[in-house]
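Q:
Structure below.
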């Protein structure tokens, strides 16, 4: 059986592909942070939703994220996921890589449900670029 | 003023340098995970303490970790730190890099004190090596 976080990330990727941002935003904590670009951050559900709408437009509504190799480091109600994140789109990004080694932090809420707290698809490329 | 997590990580590095593992272990959550090597994990305070004793011996009691460029992504009581971690020692490691781009996850406890939950000095190098 796949790890529940692997399944959860698949649901997130599906919501991005389908541009179902109202569903997507429920997968984030209230104070979540999304790294939009290495120097641009969205904080909280409203900013994250706006950022995903802009990202979708930028990629001409054709963005499809999938995950390759993945490692899940779990410590109680907190998990760090290191994942090869592949972005496909009709418009290819020229400045930023479409094949990333991402770092995602998840937290389990009081109902035992995982939520994304930190969404950083750039991984360690944020430093020493 | 430096971010409190930057100060906290300095204290961790100092405890490693001084081999004060009883102090060091208090900087971790009870269910913390340490990536000892890409395929070796220590879970919980006792295993982490044993791992640091072995690491110290391996480096002939001369290991000095310091941090270079650092980015702190905070989401409420959870933080992901991406940091250039430099390891110096009399015995240099040949198989694994001494200049790493690490990923550390910290959690704030009920007393508002940060603790390390996931200590992964290998960062995204855990995948696609």
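Chains as they are written, first to last, in the working numbering: chain A, 278 to 406; chain B, 278 to 406.
Idealized CB from N, CA, C, for every residue including glycine.
Keep in mind that this is a model prediction, so the values were computed, not measured.
CB-CB under 6 Å to residue 341/A, same chain, minus the five flanking residues each way: which ones, in chain order?
A: 294 and 365, listed in sequence order.
Q: Checking the sheet assignment: what are the DSSP bridge partners for residue 360/A?
A: Answer is 347/A and 379/A.
Q: Does any CB atom of chain A fall closer than 8 Å to the CB of residue 346/B?
A: Yes, because at least one Cβ of chain A sits closer than 8 Å to the Cβ of residue 346/B.
Q: Under 7 Å Cβ to Cβ from residue 282/A, same chain only, skipping five residues before and after it: list those, please.
A: Cβ within range, chain order: 349, 356, 358, 383 and 391.
Q: Pick out whichever of 343/A, 405/A, 402/A and 398/A has its Cα sitting closest to the Cα of residue 313/A.
A: Taking only the C-alpha atoms, the option nearest residue 313/A is 398/A.
Q: Inspect the CB distances between the stretch 291-306 of chain B and the stretch 321-339 of chain B and report whether three or more fall short of 8 Å.
A: Touching, yes.
Q: Identify which residue in 394/A, 401/A and 372/A has its Cα closest to the Cα of residue 307/A.
A: Taking only the C-alpha atoms, the option nearest residue 307/A is 394/A.
Q: If we ignore side chains and look at the alpha-carbon of each, how far apart do residue 303/A and residue 333/B end up?
A: About 44 Å.
Q: For the beta strand (DSSP E) that residue 395/A lies in, which residues bound it at each end?
A: That run of the beta strand (DSSP E) goes 391-397.
Q: Taking C-beta pairs closer than 9 Å, name the residues in chain B that residue 405/A reaches, listed in chain order.
A: The answer, in chain order, is 345, 346, 361 and 378.
Q: How many Å lie between residue 385/B and residue 354/B at the Cα?
A: About 5 Å.
Q: DSSP on residue 317/B, reduced to helix/strand/coil?
A: It is a strand residue.
Q: What does residue 305/B pair with, by DSSP beta-bridge criteria?
A: DSSP, once it has assigned bridges, lists 393/B as partnering residue 305/B.
Q: Run through DSSP, which three-state label would residue 385/A get?
A: In this structure, residue 385/A counts as strand in the three-state DSSP scheme.
Q: Look up residue 365/A in the DSSP assignment and say whether it is helix, strand or coil.
A: Three-state DSSP puts residue 365/A in a strand.
Q: For residue 347/B, count the other beta carbons within 10 Å of its own beta carbon; 16 or more makes it buried, fewer makes it exposed. Which is it?
A: Residue 347/B comes out buried.
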